[in-house]
Amino acid sequence: MRARRIATALSLALSAGWSLPAHAAQDLWQTWQAALANDPVYAAARAQYRASIEQLPQARAGLLPAVSAEVGLMYQDTRATNNLSQRVRDDTYAPWQLVLTQPLYDWSRWQRYEQAKLGVADAELALQQAYQDLLLRVSDAYFGILAAEDALTATEGEKASVAAQLEAAKRNFELGTATITDTYEAQARYDLVVAEELRLQHQLTVLRGELTQIIGQPPEALAELPADIALPAPQPARQEDWTTQAEAASLAVARAQLQTQIAQREIQIARAGHYPTLSLQASSGRASNANRQTAGSRAADSSVGVVLSVPIYSGGGVSSQVTERVQLEQRARSEYLAARRQAAQSARQYYTGVLSGLARVRALEAGVKSSRAAVQANETGYELGVRINLDVLASQQQLYATQRDLAQARYTALLDGLRLKAAGGILSEADLETINRLLRLPRR
Numbered sequence: 058m059r060a061r062r063i064a065t066a067l068s069l070a071l072s073a074g075w076s077l078p079a080h081a082a083q084d085l086w087q088t089w090q091a092a093l094a095n096d097p098v099y100a101a102a103r104a105q106y107r108a109s110i111e112q113l114p115q116a117r118a119g120l121l122p123a124v125s126a127e128v129g130l131m132y133q134d135t136r137a138t139n140n141l142s143q144r145v146r147d148d149t150y151a152p153w154q155l156v157l158t159q160p161l162y163d164w165s166r167w168q169r170y171e172q173a174k175l176g177v178a179d180a181e182l183a184l185q186q187a188y189q190d191l192l193l194r195v196s197d198a199y200f201g202i203l204a205a206e207d208a209l210t211a212t213e214g215e216k217a218s219v220a221a222q223l224e225a226a227k228r229n230f231e232l233g234t235a236t237i238t239d240t241y242e243a244q245a246r247y248d249l250v251v252a253e254e255l256r257l258q259h260q261l262t263v264l265r266g267e268l269t270q271i272i273g274q275p276p277e278a279l280a281e282l283p284a285d286i287a288l289p290a291p292q293p294a295r296q297e298d299w300t301t302q303a304e305a306a307s308l309a310v311a312r313a314q315l316q317t318q319i320a321q322r323e324i325q326i327a328r329a330g331h332y333p334t335l336s337l338q339a340s341s342g343r344a345s346n347a348n349r350q351t352a353g354s355r356a357a358d359s360s361v362g363v364v365l366s367v368p369i370y371s372g373g374g375v376s377s378q379v380t381e382r383v384q385l386e387q388r389a390r391s392e393y394l395a396a397r398r399q400a401a402q403s404a405r406q407y408y409t410g411v412l413s414g415l416a417r418v419r420a421l422e423a424g425v426k427s428s429r430a431a432v433q434a435n436e437t438g439y440e441l442g443v444r445i446n447l448d449v450l451a452s453q454q455q456l457y458a459t460q461r462d463l464a465q466a467r468y469t470a471l472l473d474g475l476r477l478k479a480a481g482g483i484l485s486e487a488d489l490e491t492i493n494r495l496l497r498l499p500r501r
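Read in the working numbering, the sequence shown has 79 at position 22, and its numbers run on one by one without any break.
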């Protein structure tokens, strides 16, 4: 009686629009937030950035005064011989010295300071690259799982259809309306589908493991991309705008340009080996116990002066370093040109990838409809005896293969859109938020 009351209450709740608690689920935005907090690769990039920006205060220190102090304990033994007599005097004293040095002109130190500014800018771009890379890795892993789940769902549907066809072939054989060949064909197809199902289950496990590495915990059920959602097209719609954007603002291009400027500073640093240096030096201290007037007095020597150091000959080492840095600067220029060309090529590739992907999605959607109609027609024809079992199996295989291709094409088009923005240097978490609004919590 109690069980009946519970069942009645449950049916009333469901009819009133209530639902049972769903399994825990997460969407793309929640996955991104987890990755931002737990991904070790991005954490390493942040630590590298914090380490790299320290090169600026280190270079600045070379332009500021340096003060050093030295103190020691000395024992002095003095012996003198005069008119066959010998005098011996020994003493213990503590010499000390305080030295201040201020560079007045040192071309290499100024160039290292300017180079350090460029190094900090490069570190900031490297962190931005790691940020964009994390955005793409999260998206790849997320939609990779959804694609594998869709492929597995389609394969499970194919397995059920082939199993039904196998049972029909066995029944028709027992009734004498079909040959054993139909049974063998259906059984072979069923075994192949089971093997594919096992492969996809393993692939899904691997993909979920890859996302676990990024977010630090096993993912829940992922929000899905509904089949009736229209995918966004590239904005702006002209390919030339994207190639221009990529050549001008790609993070890889910007870093290559900075590396060229850093290489130019390296040339100046090497050439500074030919230039004189000028520094101010001031010191105060006691080097010995000589000329002490009283036993309790402290003798100190102080000096202030300017020191000019002029390099004369270094065995050709400086000239060799200059030649080396010039060639490295030429290499950096070539790499900058290559980065610009690669950025433009990536923009063209992903732009056409999005457009062709959207067109392919529309074609595959039409293909799913026609394939489903072909399956129904072949099943009807098989029942009427005008189609053979192999025709039904082939039409079923084509339907589910088209469904798998359609799911993959939709995810690929979305990912190519993100890669296009990354190539242009404008990919941000707002783009993930836009895509996240297209997703729906899973019904399974």
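Note that the Cβ used here is the ideal one computed from N, Cα and C, for glycine as well.
Kindly list the residues whose CB is nearer than 6 Å to the CB of residue i, restricted to its own chain and excluding five residues on each side of it in sequence; keep chain order.
| i | result |
| --- | --- |
| Leu182 | Leu308, Ala311, Arg312 |
| Ala116 | Arg169, Tyr170, Ala173 |
| Ala91 | Ile272 |
| Gln455 | Ser428 |
| Ser124 | According to the sequence shown, residue 124 is Val rather than Ser. Leu157, listed in sequence order. |
Would you mind stating whether residue i and residue j have Cβ atoms separated by less than 9 Å?
| i | j | result |
| --- | --- | --- |
| Ala396 | Ala480 | no |
| Ala451 | Val418 | no |
| Ala180 | Gln105 | yes |
| Gly482 | Gln260 | no |
| Tyr439 | Ala225 | yes |
| Val412 | Thr459 | The amino acid occupying residue 412 in the given sequence is Leu; Val does not appear at that position. Taking 9 Å as the Cβ cut-off, Leu412 and Thr459 do not qualify as a contacting pair. |
| Leu13 | Ile324 | The question about residue 13 has no answer here: the residues shown for the chain are numbered 58 through 501. |
| Gln270 | Gln159 | no |
| Gln154 | Arg343 | yes |
| Gln378 | Gly330 | yes |
| Val425 | Gln453 | no |
| Ser336 | Ser376 | no |
| Leu385 | Gln189 | no |
| Lys478 | Asp488 | yes |
| Ala187 | Tyr332 | no |
| Tyr393 | Gln292 | no |
| Arg382 | Ile326 | yes |
| Asp298 | Ala464 | no |
| Glu304 | Ala401 | yes |
Which class does residue i belong to by DSSP, given the choice of helix, strand or coil?
| i | result |
| --- | --- |
| Pro78 | The pLDDT assigned to Pro78 is 37, lower than 50, so where the model puts this residue is not dependable, and the model offers no usable value. |
| Pro499 | coil |
| Asp285 | coil |
| Leu385 | helix |
| Gln325 | helix |
| Arg461 | helix |
| Glu127 | strand |
| Asp179 | helix |
| Leu193 | helix |
| Leu157 | strand |
| Asp163 | coil |
| Ser341 | strand |
| Arg132 | Residue identity check: residue 132 is Tyr in the sequence provided, not Arg. Reduced to three states, the DSSP call for Tyr132 is strand. |
| Ser366 | strand |
| Leu255 | helix |
| Val443 | coil |
| Asp207 | helix |
| Leu335 | strand |
| Asp84 | coil |
| Leu279 | strand |
| Asp96 | coil |
| Thr301 | helix |
| Thr149 | strand |
| Ser485 | coil |
| Ser371 | coil |
| Glu490 | helix |
Using C-beta distances below 8 Å, list every residue in its chain close to residue i, excluding the 5 sequence neighbours before and after it, in chain order.
| i | result |
| --- | --- |
| Ala280 | Ala82, Gln83, Asp84, Leu85, Asn493, Leu496, Arg497, Leu498, Pro499 |
| Ala205 | Leu257, Gln260, Leu261, Leu264 |
| Thr240 | Leu223, Ala226, Lys227, Phe230 |
| Val363 | Leu161, Leu335, Ser336, Leu337, Gln338 |
| Lys216 | Tyr247, Val250, Val251, Glu254 |
| Leu209 | Glu254, Leu257, Gln258, Leu261 |
| Pro276 | Gln83, Thr88, Ile202, Arg265, Leu268, Thr269 |
| Ala423 | none |
| Thr491 | Pro289 |
Looking only at its chain, what residues have a beta carbon closer than 7 Å to the beta carbon of residue i, apart from the 5 residues adjacent to it on each side?
| i | result |
| --- | --- |
| Ala389 | Gln316, Thr317, Ala320 |
| Gly414 | Ala466, Thr469, Ala470, Asp473 |
| Gln244 | Leu223 |
| Pro289 | Gly474 |
| Val361 | Ala339 |
Quick check: does the Cβ of residue i come within less than 8 Å of any heavy atom belonging to the ligand MG?
| i | result |
| --- | --- |
| Val98 | Looking for the ligand MG in the displayed structure turns up nothing, as the structure carries no ligands at all. |
Does any C-beta atom of chain C lie closer than 9 Å to the C-beta of residue i?
| i | result |
| --- | --- |
| His259 | Given the protein chain composition of this structure (a single chain), no chain C is represented. |
Next on the checklist: For the structure I just gave you, are there three or more beta carbon pairs, one from the stretch 365-376 and one from the stretch 187-199, closer than 8 Å?
Outcome noted: no
Next on the checklist: So, does the stretch 461-479 touch the stretch 406-416, judging by three or more C-beta pairs under 8 Å?
Outcome noted: yes
Checklist entry - Mind pulling the beta strand (DSSP E) runs of 3 or more residues that sit fully within the stretch 401-427? => result none
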